[in-house]
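Q: The listed protein sequences derive, respectively, from chains A, B and C.
So the first sequence is numbered by our numbering: it starts at 1 and just counts up by one.
So the second sequence is numbered by our numbering: it starts at 1001 and just counts up by one.
So the third sequence is numbered by our numbering: it starts at 2001 and just counts up by one.
Can you read through this structure? Questions will come right after.
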Amino acid sequence: MKSFRKELFFNTTKRMEFINITSHVEKALEESGIQEGLCLVNAMHITASVFINDDEHGLLSDYAKWLEELAPHEPLSRYRHNLTGEDNGDAHHKRQIMGREVVVAVTGSRLDFGTWEQIFYGEFDGRRRKRVLVKIIGE
Amino acid sequence: MKSFRKELFFNTTKRMEFINITSHVEKALEESGIQEGLCLVNAMHITASVFINDDEHGLLSDYAKWLEELAPHEPLSRYRHNLTGEDNGDAHHKRQIMGREVVVAVTGSRLDFGTWEQIFYGEFDGRRRKRVLVKIIGE
Amino acid sequence: MKSFRKELFFNTTKRMEFINITSHVEKALEESGIQEGLCLVNAMHITASVFINDDEHGLLSDYAKWLEELAPHEPLSRYRHNLTGEDNGDAHHKRQIMGREVVVAVTGSRLDFGTWEQIFYGEFDGRRRKRVLVKIIGE
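Shown next as structure tokens:
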């Protein structure tokens, strides 16, 4: 069994932001030399998500609006977590809706995807440098 | 290390529909010959989910009602995604609540489940032929 | 390839409760002797979650309040599932928001975590003995 690990880094400029990271994960898979196995991609932050969906501009803005309805940023007093001095209580909730991680099959040295599947990093407390972990096992 | 891949196909007849696919995944596991490992089951579509819960008719209708409250199908104008000509903006949201995939332990050639765990395909933009991927690695 | 399996048991005293199980998973990893691989941690119950987030008291109480808003326990008649004689319809919904499982990378014999990642068992129909499965594969 082979294993491969890589950290990806992203500089986010807005509080909430979605970044298509598929090509970065594909590059990691190529570097790994793994042909058959499983590829884990997870946010290393607890106010961020990794998820798979469609790379369509309107949909991503729909997600932003919907997540803001389900877990509004303001009023800050809505979240006891913000009593710690943080202002990211909402981000911890948004991340639970969108998920921490994806696991993708690796088949014939490629991400084994349906037609429209793309991997996104979802940032909910951005404006700093953030990390995503790629771990691939197989052979 | 062994790996095994199989696509499952389902013809859905309604827009929203839940199909218990546990026996199909068990059959794939049997075909794989894998005794110890991990089994990934994921929707290959971005308006569908694979999830694990109880096979109880009332619960599945509760899910349908609740998902419709959290991400209503109409008005179609609610979703910028629908400006592309699609009418499935809601389905992309429902899928995020229910999840894309499950990872199940394989122990002693069987899905290593609690008493009531059953695997479902959740369709949110149905009435066509859909695919689910099963990928098993182990030995 | 090595594989390792362990069940963790928890006695929950409240209907809704969050238990930090990170040290239990770390102990299982140590017992496994696995240095590189993937570690699956999943609830074996369908009214419970395993998820990763921050071990901050205020945040956990925020989650409890938010989940109660998204899927209220009462009125019991809200859920057709409760017609079976159960009163846990809400718990099946809360679990879908928070997720069934996490998959964690194992690197250098350790859980490969970002700074604040902690693993929680989230109970939504508690006051009895509950099980969590840890399955690790790798070498």
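We put the CB at the ideal spot given by N, CA and C, even for glycine.
#1: Mind checking who B/Ile1021 pairs with in its DSSP beta bridge?
#2: With DSSP as the reference, label B/Ser1061 as helix, strand or coil.
#3: Does the contact criterion of 3 or more C-beta pairs under 8 Å hold for the stretch 1120-1133 of chain B versus the stretch 1019-1038 of chain B?
#4: Can you give the Cα-Cα distance for A/Pro72 and A/Glu56, rounded to whole angstroms?
#5: Are the beta-carbon atoms belonging to A/Gly126 and A/Met16 less than 8 Å from one another?
#6: Where in the stretch 2085-2117 of chain C do unbroken runs of the beta strand (DSSP E), each at least 3 residues long, occur, reported from the N-terminal end onward?
#7: Closest to C/Glu2068 by C-alpha separation, out of C/Ser2077, C/Phe2051, C/Ala2091 and C/Gly2108, would be which residue?
#8: What number of angstroms, rounded off, separates the C-alpha of C/Glu2036 from the C-alpha of C/Gly2058?
#9: Quick check on C/Val2104 - is its C-beta less than 8 Å from some C-beta in chain B?
#10: If you check the beta carbons only, do C/Ser2003 and C/Ile2137 fall under 8 Å apart?
#11: So, at 7 Å on beta carbons, what are the nonlocal neighbours of A/Ile46 in its own chain, with the 5 sequence-adjacent residues on each side left out?
#12: My guess is that B/Phe1018 and B/Gly1099 are in contact by the Cβ rule of under 8 Å, so how many angstroms apart are they, rounded?
#13: Of the choices A/Glu74, A/Glu101 and A/Ile97, whose alpha-carbon is the least far from that of A/Asn88?
#14: Taking buried to mean at least 16 other C-beta atoms within 10 Å of its own C-beta, is C/Leu2008 buried or exposed?
#15: Bridge partners of B/Phe1124, per DSSP?
#16: Sort out for me which residues DSSP pairs B/Asn1042 with in a bridge.
#17: Quick one: is A/Leu40 buried, meaning 16 or more other Cβ sit within 10 Å of its Cβ, or exposed?
#18: Determine the extent of the beta strand (DSSP E) in which A/Asn11 is found, giving its start and end residues.
#19: Assuming A/Ala48 is part of the beta strand (DSSP E), what are its boundary residues?
#20: The stretch 1058-1070 of chain B: which residues have C-beta closer than 8 Å to a C-beta of chain C, in chain order?
#21: In whole angstroms, what separates the C-alpha of C/Asn2020 from that of B/Val1102?
#22: Assuming contact is defined by CB atoms lying nearer than 8 Å, are B/Asn1042 and B/Gln1118 in contact in what I supplied?
#23: For A/Ser49, return the contacting residues in chain C, with the cut-off set at a CB-CB distance below 7 Å.
#24: For B/Met1016, return the contacting residues in chain C, with the cut-off set at a CB-CB distance below 9 Å.
#25: List the residues that DSSP assigns as beta-bridge partners of C/Gly2037.
#26: Please find out if some non-hydrogen atom of the ligand GDP comes closer than 7 Å to the beta-carbon of A/Ser23.
#27: What is the C-beta distance between C/Ala2105 and A/Arg128, in whole angstroms, given that I count them as a contact (C-beta under 8 Å)?
#28: Could you tell me the distance, in whole angstroms, from the CA atom of A/Asp112 to the CA atom of B/Met1044?
#29: Do B/Ile1097 and B/Leu1070 come within 8 Å of each other at the CB atom, strictly closer than that value?
#30: Mind listing the chain B neighbours of A/Glu30? Cutoff is C-beta to C-beta under 9 Å, in chain order.
#31: On the criterion of 16 or more Cβ atoms from any shown chain inside 10 Å, does C/Leu2083 qualify as buried, or is it exposed?
#32: Along the stretch 95-128 of chain A, where does the CB come closer than 8 Å to a CB of chain C? Name the residues.
#33: Excluding sequence positions up to five away, which residues of its chain have a Cβ less than 8 Å from the Cβ of B/Glu1139?
#34: Which bits of chain E does B/Ile1052 rub up against, with CB to CB less than 8 Å?
#35: Give me the residue from B/His1081, B/Asp1062 and B/Tyr1063 with the minimum Cα distance to A/Trp66.
A: Per the coordinate set shown:
#1: Bridge partners of B/Ile1021: none, in fact.
#2: Note: B/Ser1061 maps to helix in three-state DSSP.
#3: Segments in contact, yes.
#4: C-alpha of A/Pro72 to C-alpha of A/Glu56: approximately 23 Å in a straight line.
#5: Cβ atoms of A/Gly126 and A/Met16: closer than 8 Å.
#6: Secondary structure remark: continuous beta strand (DSSP E) runs of at least 3 residues inside the stretch 2085-2117 of chain C, in chain order: 2101-2107.
#7: Minimum Cα distance to C/Glu2068 is reached at C/Ala2091.
#8: Distance from the CA of C/Glu2036 to the CA of C/Gly2058, rounded to the nearest whole angstrom, comes to 35 Å.
#9: Taking Cβ atoms only, chain B never reaches closer than 8 Å to C/Val2104, which makes this a no.
#10: Yes, they are a contact pair.
#11: Short of 7 Å from the beta carbon of A/Ile46, and not among the five residues preceding or following it, lie these beta carbons of its own chain, in chain order: His92 and Arg95.
#12: Taking the Cβ atoms as the reference, B/Phe1018 lies roughly 13 Å from B/Gly1099, outside the contact range of under 8 Å.
#13: If we check each option's Cα against that of A/Asn88, A/Glu74 comes out closest.
#14: Classification of C/Leu2008: buried, given that the 10 Å Cβ count is 16 or more.
#15: Paired residue(s): none; B/Phe1124 is not in a bridge.
#16: As a beta-bridge residue in DSSP terms, B/Asn1042 pairs with B/Glu1101 and B/Leu1133.
#17: Using a 10 angstroms sphere on the CB of A/Leu40, the tally of other CB atoms reaches 16 or more, which defines it as buried.
#18: Per DSSP, A/Asn11 belongs to the beta strand (DSSP E) from Lys2 to Asn11.
#19: Start and end: Ala48 to Asn53.
#20: Those would be Gly1058, Leu1059, Ser1061, Asp1062, Tyr1063, Trp1066 and Leu1070, in chain order.
#21: If you take the alpha carbons of C/Asn2020 and B/Val1102, they lie about 22 Å apart.
#22: No, Cβ-Cβ distance for B/Asn1042 and B/Gln1118 is not below 8 Å.
#23: What A/Ser49 touches in chain C, judged by beta-carbon distance under 7 Å, is nothing: the nearest beta carbon there is about 11 Å away.
#24: Within chain C, no residue comes near B/Met1016; the closest Cβ sits about 15 Å away, beyond 9 Å.
#25: Looking at the DSSP assignment, C/Gly2037 forms a beta bridge with C/Val2106 and C/Gly2138.
#26: Only the bare structure without any ligand can be found here, which leaves the ligand GDP out of the picture.
#27: C/Ala2105 to A/Arg128, Cβ: 23 Å. No contact.
#28: Taking C-alpha positions only, A/Asp112 is separated from B/Met1044 by approximately 9 Å.
#29: Cβ distance < 8 Å, so B/Leu1070 and B/Ile1097 count as in contact.
#30: Going along chain B, no residue has its Cβ under 9 Å from A/Glu30, so there is no contact; the nearest lies around 18 Å.
#31: Flag for C/Leu2083 reads exposed.
#32: Listed by position along the chain: Arg95, Gln96, Ile97, Gly99, Arg100, Glu101 and Val103.
#33: Only Met1001, Lys1002, Ile1034, Gln1035, Glu1036 and Gly1037 meet the Cβ criterion.
#34: In the displayed structure, chain E is absent; the protein chains listed are A, B and C.
#35: Nearest option by C-alpha distance: B/His1081.
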